[in-house]
Structures are given as structure tokens and as C-alpha cells.
Amino acid sequence: MDSLKDLKNLALEEFKQELEKISEPSYRAEQIFSWIYKKGIEDFDAMDNLPKSFRDKLAKSFYIGAIKPLKHLKSIDGTEKFLFELSDGNLIETVLIYAWQRKTVCISTQAGCKFACSFCASGMNGFRRDLSISEILSQILSIEHNLKHKITNFVFMGIGEPLDNYENVSKAIKIMNSKKAMGIAARRITISTSGIIPGIEKFKELGLQVNLSISLHAASNELRDRLMSVNKKYPLEELLGACEDYMKNGGRMLTFEYILIKGINDSQKDIDELVKVAKRLKAKVNLIAYSPVPGLDFQAPLEKDVKIFEDKLIKRGVNVTIRDSKGKDIMAACGQLAGIFVS
Ligand code: SF4
């Protein structure tokens, strides 16, 4: 397998060039993309509109990367979590969330996370590696085709920092969006970042109307430094400046994710600071009650306190929604994914 190329790591144009190198017509690339991305086929032999000789030739240079769920858990609220084992033994998790008419898949982009935010399970065991384009796409394809779920929304909010794996994530998004591949509308895709400024700058050049969400969680440098080490490298003021540039360059409305943690970021001072930055960026705030992680000394707020926090933001003119963090009982909620399955 080492000398073979994983087709799912190639954009259509790249694959066409590869076919030219083996003296095959480029239109075959579109046929194969259709088999892989529209029908979820992972085996050349099943592509029965291709001549057998061509399929044999393909198999000498390429393979179709695939991942299968090692375990699958279902929450009492319907949320499903999948544990995937990668070819080198690394484990990642992907979550399928049901809300209203939507089926949203929460995609991982790295095995582990180097940013180790103090409230999040994903960085607790360190960073192992970036996921390839193929491994990113395979999470979606496996859930959609092997498990027959029709996904409507796609969020890059699983394990890892997507903009720290910008090259592979952006190429995966282009394949997701391409009509010749998955054909997913950009507005149904959201990428969430802890605040990697160079990534935000590159992201605005992607030229797609993908939603951008900032994991804010604190609106002062002092508190953000404590909760999110990334803030020491990319402080709040610079992050907000990068967000403003993103908006000026035609970006869609920004969303701030704010995980409310009891006694940590839920004071009146925190509200005042959050109002200031949300209004400055005209950003929408998604308020999420913290979901406890074993081994971390943070507590969930009371439901009524989340509502009070929301009301105070609304009274100050902030566009805010409380987001249910689903799948707590299977450790699938925001900040709980670790790539170690708790059953
Ligand atoms: S919140 Fe995001 S960036 Fe921070 S540790 Fe978790 S996965 Fe990494």
C-alpha cells in the first residue's frame, strides 16, 4: 500500500493529471469521483461502468482510503458517537447530532490537539498528528453511506483545531463543496477555530461561503489566557482584528461559541466584556452549558443561570442562542471528545 496513492487525498484536477500520467483519459476521473463521493463505493471492482482492464490498472497505482467505526454509541437524546481507528492505530471520534430537521456531523481534524484548552478533553493526551484529507472525508462518507444517514450540516468542531491543519481541511472542504464530488453547499459547512489568526487569514481566501465560528469562551485576555493557551500566541485584540478583516472581505456573519462554566466565565464582568466584543463584530453568540470532563476541575452551570446569562445578553442587544450540548451521557458533547471510548 505504501507505493499506492490514496485517491481521497486528491482533488479532481490532481486526479486527472495522475490519469494522464498513466495514459488514461481525464473524463474517467469524474466517473470515479461519482462512485466514491456520490455512491460511497470504496472498491474499484464495484465500479461496473469502468472496463475491467482499467480497474486493474488503477489498482496498481491507487487505493481508496476508508475508515470503519470500531465502536458506536447512542445517547439517550439520540446523539450518536463513532470511534474510528486510523490505519496507524490512532483513534478519533465523530458525532452525529439530531436537532429539528437537521442531522449534523461533527468532524475531527486531528488526532489529539496541541492547544490543550483547560476545559477540553481533546488535548488531554497531547497531539499526535494531523488527519489527511482522506481521513477527514471518510468520517462523513462512512456515516453517510455505510450507516445510511443523510447528513444535512457539517461542522468542523470535533477533535483538533481545524485551522492548524489548514491545508488538508481546506482541500477537504473543496471536495465536499464540488458538484463533481459531494456537492455540499458551503453554507451548510461550519469551521470552528480557537483563534488561529494565520488560518483565519487564509480561510478568507478560500472563496467559499463557509461559516466561521470562533471558540471564544472568554472576552478578556486575562481569562482567555487561563482557559486557552492559544490566546498567548494570538491575543484577543489581534484575533478580533483578524475577524474584522474577515468580515470586511465578504465573510458571512461570525458566530462566537461561548461555553459557560460555573464560577469561571459567568460573572457580570464577563457579560460586559462579551457584549463589547459581540457588538463590535456584530457576531451571534452561541451559549453552551459546560459538559463535565472526568479529571478536569470545572463545573456545569445551573440551567437557570444559563438562561439568566442569555437574558442579560439579549437585554444588551446581543444576538444570542442557547445551544443544547447533546450526547453528554456518551461523552459526545462539546469539549468531551478525546478519542478514548468510554462505554
Ligand atoms: S477546544 Fe478545540 S483547540 Fe481547544 S483543546 Fe479542544 S479541540 Fe483543541
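Residues -12 to 330 in the working numbering are what the sequence shown lists, from first letter to last.
Just so you know, even glycine gets a beta-carbon here, dropped at the ideal spot from N, CA and C.
Here the structure is a predicted model, which is why all the values come from computation and not from measurement.
Query	Result
Rounded to whole angstroms, what's the CA-CA distance from residue 329 to residue 281? Just pull it up for me.	For residue 329, the pLDDT reaches just 49, beneath the cut-off of 50, and the residue's location in the model is therefore unreliable, leaving the point undetermined.
Between which residues of its own chain and residue 274 is the CB-CB distance below 8 Å, once the five residues before and five after are set aside?	245, 247, 293, 296, 297, 300, 307, 308, 309, 310
Rounded to a whole number of angstroms, what is the C-alpha to C-alpha distance between residue 144 and residue 255?	28 Å
Using the Cα positions of residue 151 and residue 159, report the straight-line distance between them to the nearest angstrom.	14 Å
Give me the Cβ distance between residue 173 and residue 197, rounded to the nearest whole Å; I'm assuming they're in contact under 8 Å.	5 Å
What are the start and end residues of each continuous alpha helix (DSSP H) run of 4 or more residues lying completely inside the region 68 to 130, in chain order?	120 to 128
CA-CA distance, residue 121 and residue 168?	13 Å
Would you call the region 34 to 54 in contact with the region 100 to 111, where contact means no fewer than 3 C-beta pairs closer than 8 Å?	no
Would you check if the region 57 to 65 and the region 91 to 109 touch, i.e. whether three or more CB-CB distances between them fall below 8 Å?	no
Within the same chain, show all residues whose beta-carbon is closer than 6 Å to that of residue 55, passing over the 5 residues directly before and after it, in chain order.	none
Under the three-state reduction of DSSP, which class applies to residue 331: helix, strand or coil?	The displayed coordinates of the chain run from -12 to 330. Any statement about residue 331 would go beyond what the structure contains.
Going by DSSP, name the residue or residues bridged to residue 245.	274
Given a cut-off of 8 Å on the beta-carbon distance, is the pair residue 305 and residue 249 in contact?	no
Is residue -5 near residue 48, with beta carbons less than 8 Å apart?	no
DSSP three-state call for residue 330: helix, strand or coil?	At residue 330, the pLDDT of 45 sits below 50, so the modelled position is not reliable; the number obtained from the coordinates is stated separately. Coil at residue 330, not helix or strand.
Taking DSSP as the reference, what is the three-state secondary structure of residue 153?	helix
Do residue 132 and residue 83 come within 8 Å of each other at the CB atom, strictly closer than that value?	no
Tell me the residue span of the beta strand (DSSP E) that contains residue 142.	140 to 143
So, at 7 Å on beta carbons, what are the nonlocal neighbours of residue 115 in its own chain, with the 5 sequence-adjacent residues on each side left out?	77, 98, 99
What is the C-beta distance between residue 199 and residue 252, in whole angstroms, given that I count them as a contact (C-beta under 8 Å)?	Contact doesn't hold; Cβ gap of about 21 Å is too wide.
What are the boundary residues of the alpha helix (DSSP H) that residue 198 is part of?	No alpha helix (DSSP H) contains residue 198, which is instead part of the beta strand (DSSP E) from 198 to 202.
Can you grab the Cα-Cα spacing for the pair residue 315 / residue 134, in whole Å?	22 Å
Hey, is residue 104 close to ligand 1, as in C-beta under 7 Å from one of its heavy atoms?	yes
Any idea which residues DSSP pairs residue 176 with across the strands?	141
Is DSSP giving residue 210 helix, strand or coil here?	helix
Between residue 227 and residue 264, how many whole angstroms is the CB-CB distance? I'm expecting something under 8 Å.	6 Å
Give the C-beta separation of residue 57 and residue 70 to the nearest angstrom, bearing in mind that I take them to be a contact with Cβ-Cβ under 8 Å.	5 Å
Please name the residue, chosen from 183, 12, 94, 29, that lies closest to residue 118 on a Cα-to-Cα basis.	94
Do you know whose CA, among 44, 11, 50, 18, lies nearest residue 30's CA?	50
Could you give the first and the last residue of the continuous alpha helix (DSSP H) run that contains residue 307?	Per DSSP, residue 307 belongs to no alpha helix (DSSP H); it is in the beta strand (DSSP E), 307 to 310.
Beta-carbon within less than 6 Å of residue 261's beta-carbon, same chain only, minus the 5 sequence neighbours each way: which residues are those?	206
Assuming residue 81 contacts residue 149 (C-beta within less than 8 Å), just tell me the rounded distance between them.	That pair is no contact at about 14 Å.
What number of angstroms, rounded off, separates the C-alpha of residue 318 from the C-alpha of residue 283?	14 Å
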